[in-house]
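Residue numbers (our numbering): 32 to 520. Inspection log for the structure reproduced underneath, given as structure tokens.
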RNA sequence: GCUCCCGUGGUGUAGACCGGUCAAGCAUUAGGGACUCUCAAUCCCUCGACGCGGGUUCAAAUCCCGCCGGGAGCACCA
């Protein structure tokens, strides 16, 4: 029907189509979501997925986003990471409405732990660790499991008061020992860690909640409606659901997205930490790393990262991260603002001769008026070209120096012939810089360094993302010297 | 080994629930072309996929079965 009446409407619909995330299921009332990083280090590109997706959804539904810092493992918490995570999120443009730090909430966890013991839904086992696990795999209880709740409550108090050493007693949540999936059967919820210093609570606590317990409690306490998490947490979700069932809580909607395989990048905090300590990496923002700090330094726009994750969606299939696609998104963002400069790597000095005074008038951007760079060069002067370009010339070859003119190579000098632009389709086009150019080192993503010369007019500007023609986009830092970090070509 | 999940071009994604309009769309990459000036941008063109085998059906990427392949978990990490 519509086809007859208004075929153009159907056409239009197709054109407007663009990539958006699917709607969240079961939305009623205010959407509340959370990001739950662990402060073991700053965020990397993998973490940014959960941050962006949560942000997108809470913004779409006008909901609330909670940053919950999961620091219940004192062995893996770094004091500096708390602030770094927040800086990374700010840079990403992720808006969170509340910050919750789990190490502030021990009493909440303890209270629920006690309740669960009273309900007979948890126990404290003194059994040998390996034996307990062996029995579990055989669907059998360890002897402690069926003791009266009062015994477990006593043991709980003893645990808290320090009667037991590390690993001597452990608090376990009962699930179903006959559950077909061994991963779901009785799971540990609190452990004892003595002689550890937590950056925020010091040695105040020795009984630490494990992730499944604190997460379940907090997801309820904070009133979450939707939980986005990686599919590596699927079994954890099943485990946590027991807590919701025991207390009769309303469950959030869980959505699990697939694993991301990120190649050609270093993401593991333990490796990075060691590398920094050993002096192999310059810091958390070493460009060889996949940290957000490193990407920021390279001039990757947070909006490119956002677009990338929206495009990837949240399917449960595993995906391979594509740097190419991220760069493509970044390019469309930075290209309209990146001023163009000539950067000559592997420079070689070349003598130029001309019958007339040469003046170069070079636009800062090919498509957008950003002004010009002007170089008065004279009749006889030197320039620099890349060794590669210059050595490709044979005697009497004609070629063009971009934005300067057409030249002939006489075997020693290059001779200005004309500035006839109609010839450019036939000539090779090279770039160049004047003799008074400035030294510039560019750090490549693999850590190697490209040294060269950048045209002097660059000093009028403050740095940031630029394009070095025929080289690539570079994030420049202007100081006593000019240094750059290669983004991509 | 056990439990669960998933398989659309190089990469990501749409379509699959409600079989036909899908001889499979979009984006990116790669290759080519255009462009009075970049190995950039823009525009145009090209290459490129329903894991395999059966079944149901007039009709299957879509439903069913088997196989193959990939992944997650089976931690007193998160």
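The C-beta atom is built at its ideal place from N, Cα and C for all residues, glycine as well.
- The DSSP-derived three-state label of residue 77 is helix.
- Of the residues assessed, residue 419 falls on the exposed side of the cut-off, its CB having fewer than 16 other CB atoms within 10 angstroms.
- In the DSSP assignment, residue 419 falls outside any beta strand (DSSP E) and within the unbroken alpha helix (DSSP H) covering 418 to 422.
- Residue 327 is not a Cβ neighbour of residue 287, given a cutoff of 8 Å.
- The count of Cβ pairs closer than 8 Å, one atom from the segment 145 to 162 and one from the segment 102 to 120, stays below three, leaving the stretches out of contact.
- Cβ contact annotation for residue 493 (same chain, cutoff 8 Å, sequence separation greater than five): 509, in chain order.
- The Cβ atoms of residue 244 and residue 140 sit closer than 8 Å to each other.
- Residue 229 has its alpha-carbon roughly 27 Å from the corresponding atom of residue 263.
- In the DSSP annotation of this structure, residue 284 is not part of any alpha helix (DSSP H); the continuous beta strand (DSSP E) holding it starts and ends at 284 to 288.
- Boundaries for residue 514: no alpha helix (DSSP H) harbours it, while the beta strand (DSSP E) harbouring it runs 513 to 519, taken from the DSSP string.
- Between residue 447 and residue 404, the C-beta gap is not smaller than 8 Å, which leaves the two residues out of contact.
- For the pair of segments examined, the segment 293 to 306 was found not to touch the segment 246 to 257: the number of CB pairs separated by less than 8 Å stays below three.
- Residue 265: not part of any beta strand (DSSP E); member of the alpha helix (DSSP H) spanning 265 to 278, first to last residue.
- Its chain contains 426 as the residues whose beta carbon lies nearer than 6 Å to that of residue 442, once the 5 sequence neighbours on both sides are disregarded; these appear in chain order.
- Nearest neighbour of residue 199 by Cα position, chosen from 311, 356, 157, turns out to be 157.
- In the three-state DSSP reduction, residue 509 falls in the strand class (E or B).
- Following the DSSP letters along the chain, one finds residue 363 inside the alpha helix (DSSP H) bounded by residues 354 to 365.
- Taking 8 Å as the cut-off, the Cβ atoms of residue 352 and residue 291 count as close.
- For residue 394, there is no enclosing alpha helix (DSSP H); the enclosing beta strand (DSSP E) has its first and last residue at 378 to 394.
- Under a 10 Å Cβ-count criterion, residue 162 is classified as exposed, with fewer than 16 other Cβ atoms of the shown protein chains found around its own Cβ.
- Residue 483 is bridged by DSSP to 376, 471.
- With fewer than 16 neighbouring CB atoms inside 10 Å of its own CB, residue 128 falls in the exposed class.
- Between the C-alpha atoms of residue 365 and residue 395 there is a straight-line separation of about 14 Å.
- Just so you know, the alpha carbons of residue 432 and residue 449 end up roughly 11 Å apart.
- Beyond the five residues adjoining it in sequence on each side, residue 186 comes within less than 8 Å, by CB distance, of 155, 157, 200 in the same chain, given in chain order.
- Going by DSSP, residue 113 is part of the alpha helix (DSSP H) stretching over 112 to 123.
- Taken through DSSP and simplified to helix, strand or coil, residue 190 comes out as helix.
- Contact check for residue 343 against residue 336 fails: the beta carbons are separated by 8 Å or more.
- Straight through space, the alpha carbons of residue 293 and residue 348 are spaced by roughly 14 Å.
- Annotated as proximal: residue 116 and residue 74, with beta-carbon spacing under 8 Å.
- About 5 Å separates the beta carbons of residue 357 and residue 339, which is inside the 8 Å limit, making them a contact pair.
- Taken through DSSP and simplified to helix, strand or coil, residue 218 comes out as strand.
- For residue 466 and residue 329, the gap between their C-alpha atoms comes out near 28 Å.
- With respect to the C-alpha of residue 506, the residue from 490, 473, 268, 84 having the closest C-alpha is 473.
- Looking at the DSSP output, residue 153 sits in a beta bridge with 204.
- Of the candidates 55, 112, 94, 112 places its Cα closest to the Cα of residue 72.
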